[in-house]
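Worksheet: the structure to be examined is printed underneath.
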Amino acid sequence: MTNQFITVLNGLSALVLVCIALLVAIVFLRFYFQNKNWYLLFITLLMIALAIGYFGITLSFLSVVIYGDNLLGLKELVPFFTYSTLPIGCFAIIFMVWDLAGEHEYKRNAIIGQILYSIVYYIVLFITFKEAIICPNVPTGEIYDDWIIPNSIFYYIFLAGILYTTIFTIIGFNKIRKATSGELLKRFMWLFFAPPFMALGILLETLVFMELHRNFLYISRILVILSIILIYIGTRPPKGEIVDPNFIKKGHLDNEKILIIEKMFASKPEKITKEEVKFYKEQTICLVCKKEETGFINLFICPECKALYCEKCARALIEIENICWACNGAIDQSKPIKLIEREIEEDKKHKFSKEPQIKKA
């Protein structure tokens, strides 16, 4: 009776985890198509990787529930699902964190390192699969589970991947913490606890040291479920109308561009103090449109002075002149600063030159 109860707990927790991960993946995929923001797509990828990782155990549980025993061939499938997506999930976490941090150089280095690790991971997994992973036979009515043999080569490769991802995630979150405050910092704190819970849950799931440990695998899955919920709370877009980040494109009409420039810079203050920058940042209010923002998806922070803009205004500023209102530095440091006054005059002259001239009698 006790074994059956533990089987139900372990299997049900895996099923709930897979369902929640797939549901969150669908939600964030929808957010991505609305916003075209890359980190949303990689959260979707992370959720899919988690769902696949626990899918084998879930299949075993459903097989026992429906047929009373594991179907033929499931024993070989369970470890395949469990260990096939770790590098993909780690890659998604690193991209998500460093995309939010906005440090392109660090993100590139972290991703290159993760790609190299993934190559080594899959090579070692392929060579040592049967020797490094245990999926023992179980009595009728119990579900399969698997874990890594301690002190095997794959054991250390697996552990290295978790540590690598955790270290780069902590560094990325530290940069986000230094650049955020107010409501934005509160949302960051939800994210801060997600990777440790996820890493601990995965390690407890795969590095089983004793027989008794197998009876409490549902606890590790609850930790992973909790991390998914924290990621959702910390990164979901704010309620209300979602801004299209690509609203300004190079193909737009000149007249429209002139109107945007005149509208935005007619109200540009001559000087913005540090106190004003700090106040707007703490209240998560955009420096340009003065609208309060409550999510990563609509926020941009100047890399020089940490002035805060909503994504719509930041992209418009980058397109128009690429100058921060507070410090006059480049908002997008990969692009040059533009002198828009001359551009406005040329656009207006071009516009007026096309109007018909009225000759005097």
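The numbering of the sequence shown is my numbering, which starts it at 104 and goes up by one. Ideal placement from N, C-alpha and C gives every residue a C-beta, glycine not left out.
C-beta atoms of residue i and residue j nearer than 8 Å
i: Ile251; j: Phe257; result: yes
i: Asp172; j: Thr110; result: no
i: Leu177; j: Leu162; result: yes
i: Tyr170; j: Leu120; result: no
i: Leu153; j: Gly192; result: yes
i: Leu143; j: Tyr321; result: no
i: Val380; j: Ala417; result: no
i: Ile129; j: Ile328; result: no
i: Cys427; j: Glu407; result: yes
i: Val167; j: Ile236; result: no
i: Met199; j: Phe136; result: no
Anticipated Cβ contact below 8 Å, residue i with residue j, distance rounded
i: Ala195; j: Leu262; result: Actually they are not in contact, since the Cβ atoms of Ala195 and Leu262 sit about 19 Å apart, beyond 8 Å.
i: Ala117; j: Ile160; result: 4 Å
i: Tyr259; j: Leu228; result: Contact flag wrong, Cβ pair sits at about 13 Å.
i: Glu308; j: Ser323; result: 4 Å
i: Lys384; j: Ala410; result: 7 Å
i: Leu303; j: Leu326; result: 6 Å
i: Thr272; j: Ser255; result: With a Cβ gap of about 26 Å, Thr272 and Ser255 do not count as contacting.
i: Lys441; j: Asn425; result: 6 Å
Top-ranked residue by Cα proximity to residue i, from the options
i: Ser437; options: Thr376, Ala235 and Cys405; result: Cys405
i: Ile270; options: Lys377, Gly337 and Trp201; result: Trp201
i: Glu414; options: Glu424, Val391, Thr338 and Glu379; result: Val391
i: Gln107; options: Ala433, Arg324, Asn318 and Asn431; result: Asn318
i: Gln217; options: Phe232, Ile197 and Ala204; result: Ile197
i: Ile423; options: Leu333, Leu411 and Pro439; result: Pro439
i: Leu60; options: Phe229, Ser166, Ile388 and Thr147; result: Here the chain has residues from 104 to 464 only, and residue 60 is not among them.
i: Ala204; options: Leu402, Phe276, Leu303 and Tyr220; result: Phe276
i: Phe291; options: Thr272, Leu174, Ser166 and Gly337; result: Gly337
i: Lys233; options: Asp249, Val223 and Leu219; result: Asp249
i: Leu306; options: Phe134, Thr268 and Leu288; result: Thr268
i: Trp293; options: Ile332, Lys278, Ile274 and Lys377; result: Ile332
i: Met301; options: Asn138, Ile334, Leu402 and Tyr220; result: Ile334
Continuous alpha helix (DSSP H) stretch holding residue i: start and end
i: Phe194; result: Leu189 to Ala204
i: Tyr335; result: Leu320 to Thr338
i: Glu245; result: First-last for Glu245: undefined, no H or E at that position.
i: Ser437; result: Ser437 -> no alpha helix (DSSP H), and no H or E assigned at all.
i: Ser163; result: Phe158 to Tyr170
i: Ile270; result: Ile256 to Lys281
i: Val181; result: Leu177 to Tyr186
Beta strand (DSSP E) segment containing residue i, residue limits
i: Phe403; result: Leu402 to Ile404
i: Cys430; result: No beta strand (DSSP E) contains Cys430, which DSSP labels as neither H nor E.
i: Leu411; result: Leu411 to Cys413
Q) Does the stretch 208-217 touch the stretch 167-187, meaning 3 or more C-beta pairs lie closer than 8 Å? A) no
Q) So, do the stretch 223-243 and the stretch 290-298 have three or more beta carbon pairs nearer to each other than 8 Å? A) no
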